[in-house]
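Q: Residues are numbered in this note's numbering as their position in the sequence shown, beginning at 1, plus a constant of 27. Every residue, glycine too, gets a C-beta built ideally from N, C-alpha and C. Below is the structure I would like to discuss, written out as structure tokens.
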Amino acid sequence: MTEATSLPPLRPGSYAFFFDLDGTLAEIKPQPEQVVIPQTVRHRLGQLARLCDGAVALISGRSMAELDRLAAPLHLPLAGVHGAERRDISGKVLRVNLAPTLVEQLSRYLVEELSVFPGARLEIKGMAFALHYRQAPQHASAIIQLANRLVAQHDGLSLQPGKSVVEIKPAGISKGSAIAAFMHEAPFAGRRPVFLGDDLTDEAGFDIVNELNGVSIKIGAGESRAQQRLQDVQAVYHWLEQTTYQLEQELNRLPLRRAGNESFNRGI
Ligand SMILES: O=P(O)(O)OC[C@H]1O[C@H](O[C@H]2O[C@H](CO)[C@@H](O)[C@H](O)[C@H]2O)[C@H](O)[C@@H](O)[C@@H]1O
């Protein structure tokens with residue numbers, strides 16, 4: 028895996044950008060609600076979206092409501108809850124839901140079961156449940172076992188391990204299928220996908236991006252199927268700045284090139 032540098036220059040408008048959130052656009056924090064995307068980074072994302080006709084999406088384990096809150100005032104195409112919900116550029120939303128009775132039953136069960144592990148936290152995301160143990164590392168294996176047991180008992184559920192968290196989500200969804208769906212529709216279709224992510228859930232995204240001859244970038248240490256690596260979130264911010272600058276320069280050069288060609292054609 029190589030260190031990620033700038034993207035190979037392509038015709039402006041050739042790239043589509045997909046960003047994971049926690050650990051990629053925002054530093055990991057002790058609690059999920061402490062996370063922020065710095066204002067300068069949101070500004071840069073907006074600039075990038077303008078430079079590529081809106082082909083910039085967030086692909087996250089968080090719910091879309093959370094993503095909108097964290098990215099405000101941007102209103103980007105989104106895939107939330109590891110791909111269980113998706114909003115396209117026109118605002119159309121698609122969701123994979125669990126039966127309401129199952130959600131209710133699992134919520135009640137998990138609240139009770141996690142209450143015996145001080146520091147553990149349950150995040151209920153509608154169709155998925157994140158069992159956080161960042162503040163209860165001594166209970167990690169018991170919490171993972173609990174999640175495993177539940178998934179084994181219910182068809183239609185699957186496990187998503189992450190950073191100090193194990194999540195229970197609908198089976199058959201992934202960040203990879205969310206990116207693939209975006210790549211079939213405007214303004215993403217026909218472009219080369221670039222995806223940055225830091226965690227296990229992002230590997231499915233790297234797979235599809237690799238298949239589509241795109242650029243996959245792993246943030247931080249650890250095994251990955253991504254082609255390139257950036258050291259940390261600060262390196263992502265630097266990469267984003269460089270990439271936006273590069274695209275802007277390429278776009279700015281276009282009218283000059285055309286003017287130059289016209290002069291050439293007219294023999295001036
Ligand atoms: O796919 P992502 O955008 O990376 O989201 C993955 C999960 O991120 C959040 O949890 C993680 O970040 C928290 C804040 O830094 C941290 O406290 C926690 O330990 C991490 O697991 C979020 O709470 C989850 O819902 C996301 O699925």
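Using the C-alpha atoms, what's the distance from L141 back to H70?
A: For H70 and L141, the distance between alpha carbons rounds to 39 Å.
Q: Enumerate in chain order the residues of its own chain whose CB-to-CB distance from K252 is below 8 Å, with the five nearest sequence positions on each side excluded.
A: The residue you asked about is not Lys; residue 252 is Arg in the sequence shown. Result list for R252: E230, F233, D234, N237 and S243, in chain order.
Q: Look at A82 and F215 and say whether their C-beta atoms are less than 7 Å apart.
A: Contact: yes.
Q: Taking 6 Å as the cut-off, does the CB of G16 come closer than this to any heavy atom belonging to ligand 1?
A: As displayed, the chain neither begins before 28 nor continues past 295, which places residue 16 out of reach and without an answer.
Q: When you compare only the Cα positions, how much space is there between Q162 and L278?
A: The alpha-carbon atoms of Q162 and L278 are separated by roughly 47 Å.
Q: For L72, name the three-state secondary structure that DSSP assigns.
A: If DSSP states are grouped into helix, strand and coil, L72 belongs with the helices.
Q: Cβ atoms of G73 and S90: under 7 Å apart, would you say?
A: No, they are not a contact pair.
Q: Just the Cα atoms here: how many angstroms apart are L274 and A262?
A: Cα to Cα, the separation comes out at about 18 Å.
Q: Beta carbon of R148: closer than 6 Å to some heavy atom of ligand 1?
A: For ligand 1, not one heavy atom lies less than 6 Å from the Cβ of R148.
Q: Using a Cβ-Cβ cutoff of less than 8 Å, which residues in the same chain neighbour D259 once the five nearest sequence positions on both sides are dropped?
A: These residues qualify, in order along the chain: I246 and G247.
Q: What residue range does the beta strand (DSSP E) around F156 cover?
A: Its beta strand (DSSP E) spans residues F156 to H159.
Q: For ligand 3, any of its heavy atoms closer than 6 Å to the Cβ of G107?
A: Among the ligands in the structure shown, ligand 3 does not appear; only ligand 1 can be found there.
Q: Which two residues bound the contiguous alpha helix (DSSP H) that contains G81?
A: Looking at the DSSP string, G81 is not in any alpha helix (DSSP H), and its letter there is neither H nor E.
Q: What number of angstroms, rounded off, separates the C-alpha of P188 from the C-alpha of R219?
A: Approximately 28 Å between the Cα atoms of the pair.
Q: CA-CA distance, R176 and Y136?
A: In a straight line, the C-alpha of R176 is about 12 Å away from that of Y136.
Q: Answer yes or no: do V193 and I171 have a C-beta to C-beta separation smaller than 7 Å?
A: Yes; because the gap between Cβ atoms is below 7 Å, this pair is in contact.
Q: Give me the Cβ distance between G224 and T51, rounded to the nearest whole Å; I'm assuming they're in contact under 8 Å.
A: Yes, G224 and T51 are in contact; Cβ-Cβ is about 6 Å, under 8 Å.
Q: Less than 7 Å separating the beta-carbons of L257 and A31?
A: Yes; because the gap between Cβ atoms is below 7 Å, this pair is in contact.
Q: Using the Cα positions of G88 and A99, report the straight-line distance between them to the nearest angstrom.
A: So the alpha carbons of these two residues sit roughly 18 Å apart.
Q: If you draw a straight line from the C-alpha of E112 to the C-alpha of Q254, how long is it?
A: Near 27 Å, if we compare the C-alpha coordinates of Q254 and E112.
Q: Specify the secondary structure class of A53 as computed by DSSP and reduced to three states.
A: Strand at A53.
Q: Tell me which residues share the same chain as A198 and place their Cβ nearer than 7 Å to its Cβ, disregarding the 5 neighbours each side in the sequence.
A: Once the five neighbours on either side are set aside, the close Cβ partners of A198 are G183, L184 and S185.
Q: Tell me whether the beta-carbon of V123 lies closer than 7 Å to the beta-carbon of I206.
A: Against a cut-off of 7 Å, the Cβ pair of I206 and V123 comes out as no contact.
Q: Considering Cα atoms alone, identify which of G241, H211, P59 and Q276 is closest to I151.
A: Here the closest residue by C-alpha is P59.
Q: Going by C-alpha to C-alpha distance, which of Q61, L227 and A213 sits closest to D115?
A: With distances taken between Cα atoms, D115 lies closest to A213.
Q: Here's a check: name, in chain order, each residue in its chain whose Cβ is nearer than 6 Å to the Cβ of L121, leaving out the five neighbours to either side.
A: R113, listed in sequence order.
Q: For I116, which of helix, strand or coil comes out of DSSP?
A: I116 falls in the coil class under three-state DSSP.
Q: So, for S191: in the same chain, excluding its five sequence neighbours on each side, which residues have a beta-carbon less than 6 Å away from its beta-carbon?
A: Here the set comprises Y160 and R161.
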